[in-house]
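Working notes for the structure below.
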Amino acid sequence: MTLNGFGNETVVGSYIPIDAIRRRKEQLKREIQEIREKVAQCEVEMSIIQSHNNINRSNIDQKLESFRTRFHGHSLTTEPKHATKTSITEPLKPMRYVCYFNVTVSLKKSRLLSRQHGNIKQLLIGKRQFNENPKEGIRWLVENNFFPNTPEHMAAFLFNETGLSKRAIGDYLGEKDDSHVEVLKHYAHMFDFFSTDIVEALRRYLYTFLLPGEAQKIDRIMEAFAQRYYECNPDIYANAEVCFILSFAIIMLNTSLHNKSARLGGLLTYEKFVNSLNEAISRQNMPDSNLIKNIYDSIKNNELKFPDDDIDLSDVSARMKEGDSTIIKEGWLWKQGGRVRQWKRRWFVITDGCLFYYESRTEVDNPRGIIPLVDVGVREIDDDRTKQFCFELFPLAGEKVKTTKPTSGETGKATEGHHTVYRMSASSEDERKDWIRALRIGSQNALPKQRSS
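Everything in the sequence shown is counted per UniProt numbering, starting at 1 for the first residue and increasing by one.
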């Protein structure tokens with residue numbers, strides 16, 4: 001016995017078994033997870049209460065009254081019946097949003113959906129089904145109680161959940177069924193466009209999904225944007241239809257200035273851009289010339305970029321640092337180099353549809369590489385003479401596996417790496433099978449296999 005710094009007796013040199021330490025560590029992890037879930041749930045409940053009871057009603061009522069007056073009163077009484085010269089066969093109808101619906105708390109980026117449901121394996125199945133067939137995927141997720149069958153919850157899922165195909169999101173939002181239109185309304189309503197110029201608002205909106213190819217779907221998606229933007233900024237443009245026309249003009253301008261293969265009619269100069277707007281928008285509704293010049297310069301100097309269909313790796317990496325991701329499997333593996341065929345021991349983590357690897361298990365802030373588990377397959381390899389229990393990732397599309405290697409601790413978008421395959425080696429046959437099973441669960445290209453009991 002001896003005295004510690006607090007005057008208490010402690011046992012010196014007492015031995016605690018490693019297994020006991022590990023069990024205690026796992027118990028603490030579970031307790032921390034439970035506390036995080038409770039805190040997240042409390043945040044949601046408090047946000048909902050505040051959104052209903054603590055909103056500045058006078059400010060909102062003033063904005064709503066301004067919107068109603070301009071759209072239903074002023075525009076109908078002061079504008080001629082055919083105020084614009086457009087090719088639109090039907091006039092835009094105002095989308096009736098839920099006035100006090102707070103979309104920011106429906107789902108959070110902290111993986112609240114998977115935490116609340118607790119079945120990450122089933123969630124991955126639902127995501128994969130959505131990516132292959134958006135309608136069936138949403139139906140499956142609702143039937144398996146991942147979220148209620150309401151348009152606001154569906155919109156929140158599409159807006160917040162990672163690992164979803166941006167092409168599938170765009171296709172789902174563009175459908176003409178009333179149920180899809182309601183989801184589209186709530187999806188657009190999740191964007192805060194207050195005091196934001198229309199180009200920046202359009203950049204944010206169009207970077208969350210891929211525009212579908214059908215003209216009618218594009219019309220509905222852009223109409224939802226125009227209504228939401230005008231709702232947030234009723235004093236900048238005359239009405240939502242002007243925002244609608246201007247949005248299409250911006251996309252056409254972007255194509256003309258930055259897509260050489262699409263310049264059938266030559267480069268769209270500022271004068272041509274203004275003339276095209278004059279043909280589509282009536283004189284009394286024409287935006288201020290300074291606004292139009294700013295729009296043109298903004299697109300000319302900064303291309304309007306559309307997303308690809310890859311996973312947002314920076315978002316995944318950020319959640320890894322914050323401990324917000326659900327880890328499917330982690331452990332040591334040997335990895336073969338791409339250019340130099342040397343084997344190096346790395347710490348691997350499967351989470352959020354990606355495979356991370358590190359030099360050590362403590363370097364969460366500095367992954368050596370991130371491999372999106374999209375368009376890749378996994379298979380056993382038994383002919384490697386240098387290592388036992390090998391397996392590899394191989395591309396299902398293209399010739400090389402997409403990967404990203406962060407520079408200075410920052411993660412970028414996936415680029416085509418040097419690996420035609422990613423070959424790894426486990427410590428035993430059981431470990432190899434377990435890693436292959438985990439990779440297939442984490443991948444969006446193979447249905448997860450049920451773990452044997």
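Just so it is clear, CB atoms sit at the ideal spot from N, CA and C, and this is done for glycine as well.
Flag this pair as yes or no: are the beta carbons of Asn-278 and Ala-238 separated by less than 7 Å? Stepping through the sequence shown from its first residue, residue 278 is reached at position 278. Stepping through the sequence shown from its first residue, residue 238 is reached at position 238. No, they are not a contact pair.
Identify, in the order they occur along the chain, each residue of the same chain with its Cβ nearer than 6 Å to the Cβ of Glu-330, setting aside the five sequence neighbours on each side. Along the sequence shown, read from residue 1 onward, the residue named residue 330 stands at position 330. For Glu-330, where only same-chain residues beyond five positions count, the Cβ hits under 6 Å are Val-349.
Residues near Gln-129 in its chain [Cβ-Cβ closer than 7 Å; skip 5 each side]: As a position in the sequence shown, residue 129 is number 129, starting the count at 1. Here the set comprises Glu-136, Gly-137, Trp-140.
Between the region 143-154 and the region 180-195, can you find at least three pairs of beta-carbon atoms closer than 8 Å? yes
Mapping the DSSP letters down to three states, classify Ile-16 as helix, strand or coil. Working through the sequence shown from its first residue, we reach residue 16 at position 16. Of the three classes helix, strand and coil, the one that applies to Ile-16 here is coil, per DSSP.
If I follow the unbroken beta strand (DSSP E) through Met-378, where does it start and stop? Taking the sequence shown and counting its residues from 1, one reaches residue 378 at position 378. Looking at the sequence itself, residue 378 is Val, so the reference to Met does not match. From DSSP, the beta strand (DSSP E) with Val-378 extends over 376-381.
Neighbour-count burial assignment, Val-340, 16 or more Cβ in a 10 Å radius: By one-based count along the sequence shown, residue 340 stands at place 340. Looking at its Cβ environment, which holds fewer than 16 other Cβ atoms inside 10 Å, Val-340 is exposed.
Alpha carbon to alpha carbon, how far is Ser-427 from Cys-390? Give it in angstroms, no decimals. As a working note, residue 390 is residue 390 in the sequence shown. As a working note, residue 427 is residue 427 in the sequence shown. C-alpha separation (whole angstroms): 9 Å.
Gly-412 classed as buried or exposed, judged by whether at least 16 other C-beta atoms fall within 10 angstroms: Within the sequence shown, the letter at position 412 stands for residue 412. Below a pLDDT of 50, predicted positions are generally treated as unreliable, and Gly-412, at 46, falls in that range; the measurement from the model is reported next regardless. It counts as exposed.
Within 10 angstroms of the Cβ of Thr-386, are there 16 or more other Cβ atoms? Answer buried if so, exposed if not. Within the sequence shown, residue 386 is the residue found at index 386, counting from 1. Classification of Thr-386: exposed, given that the 10 Å Cβ count is below 16.
Do you know offhand how far Leu-253's Cα is from Asn-160's? Along the sequence shown, read from residue 1 onward, the residue named residue 253 stands at position 253. Along the sequence shown, read from residue 1 onward, the residue named residue 160 stands at position 160. Going by the C-alpha atoms only, they are around 30 Å apart.
What's the gap between the Cα of Arg-220 and the Cα of Ala-249? Residue 220 sits at position 220 when you count from the first residue of the sequence shown. Residue 249 sits at position 249 when you count from the first residue of the sequence shown. Near 16 Å, if we compare the C-alpha coordinates of Ala-249 and Arg-220.
With 16 as the cutoff for other CB atoms within 10 Å, does Asp-352 come out buried or exposed? Here the question's residue 352 lines up with position 352 in the sequence shown. Its Cβ being crowded by 16 or more others within 10 Å, Asp-352 is buried.
Cβ-based burial, Ile-39 [other Cβ within 10 Å; buried from 16]: For the purposes of this step, residue 39 is taken as residue 39 along the sequence shown, with counting starting at 1. Checking the sequence, you will find Val at residue 39 rather than Ile. Counting Cβ neighbours within 10 Å, Val-39 comes out exposed, since fewer than 16 surround it.
Under 8 Å by Cβ, that's how I've got Pro-212 and Leu-246 pegged, so tell me the actual separation to the nearest angstrom. Taking the first residue of the sequence shown as 1, we reach residue 212 at position 212. Taking the first residue of the sequence shown as 1, we reach residue 246 at position 246. Contact doesn't hold; Cβ gap of about 21 Å is too wide.
Could you give the distance in angstroms between the alpha-carbon of Lys-166 and the alpha-carbon of Tyr-358? Against the sequence shown, residue 166 aligns to sequence position 166. Against the sequence shown, residue 358 aligns to sequence position 358. Cα to Cα, Lys-166 sits roughly 28 Å from Tyr-358.
Who does Cys-390 pair with in a DSSP beta bridge? As a first step, residue 390 must be located in the sequence shown, where it is residue number 390. BP columns for Cys-390 point to Ile-381, Ser-425.
Which two residues bound the contiguous beta strand (DSSP E) that contains Pro-372? As a position in the sequence shown, residue 372 is number 372, starting the count at 1. Here the beta strand (DSSP E) through Pro-372 covers 369-372.
If we call anything under 7 Å between Cβ atoms a contact, is Ala-438 one with Ile-370? Position 438 of the sequence shown holds residue 438. Position 370 of the sequence shown holds residue 370. No.
Tell me whether the beta-carbon of Tyr-422 lies closer than 7 Å to the beta-carbon of Glu-392. If you number the sequence shown from 1, residue 422 lands on position 422. If you number the sequence shown from 1, residue 392 lands on position 392. In contact: Tyr-422 and Glu-392 (Cβ atoms closer than 7 Å).
Given a cut-off of 7 Å, decide if Leu-333 and Gly-442 are closer than it, judged by their beta-carbon atoms. Position 442 of the sequence shown, counting from 1, holds the residue named residue 442. Position 333 of the sequence shown, counting from 1, holds the residue named residue 333. No, the Cβ-Cβ distance between Gly-442 and Leu-333 is not below 7 Å.
Counting only the same chain and skipping the five closest in sequence on each side, list residues whose C-beta sits under 7 Å from that of Ser-276. In the sequence shown, residue 276 corresponds to position 276, counting from 1. Excluding sequence neighbours, Ser-276 sits near Ala-249.
Give me the residue from Arg-22, Arg-203, Ala-155 with the minimum Cα distance to His-180. In the sequence shown, residue 180 corresponds to position 180, counting from 1. Per the Cα distances, Ala-155.
Tell me the DSSP secondary structure of Glu-330 in three-state form. Indexing the sequence shown from 1 puts residue 330 at position 330. Of the three classes helix, strand and coil, the one that applies to Glu-330 here is strand, per DSSP.
Is Tyr-207 helix, strand or coil by DSSP? The sequence position of residue 207 within the sequence shown is 207, counting from 1. Coil at Tyr-207, not helix or strand.
Mark Gln-342 as exposed unless 16 or more other C-beta atoms lie within 10 angstroms of its C-beta, in which case mark it buried. Stepping through the sequence shown from its first residue, residue 342 is reached at position 342. So Gln-342 ends up on the exposed side.
If you count every other CB in all the chains shown that lies within 10 Å of the CB of Ser-256, and 16 or more means buried, which is it? In the sequence shown, counting from the first residue as 1, residue 256 sits at position 256. The residue in question, Ser-256, is buried, as its Cβ has 16 or more Cβ neighbours within 10 Å.
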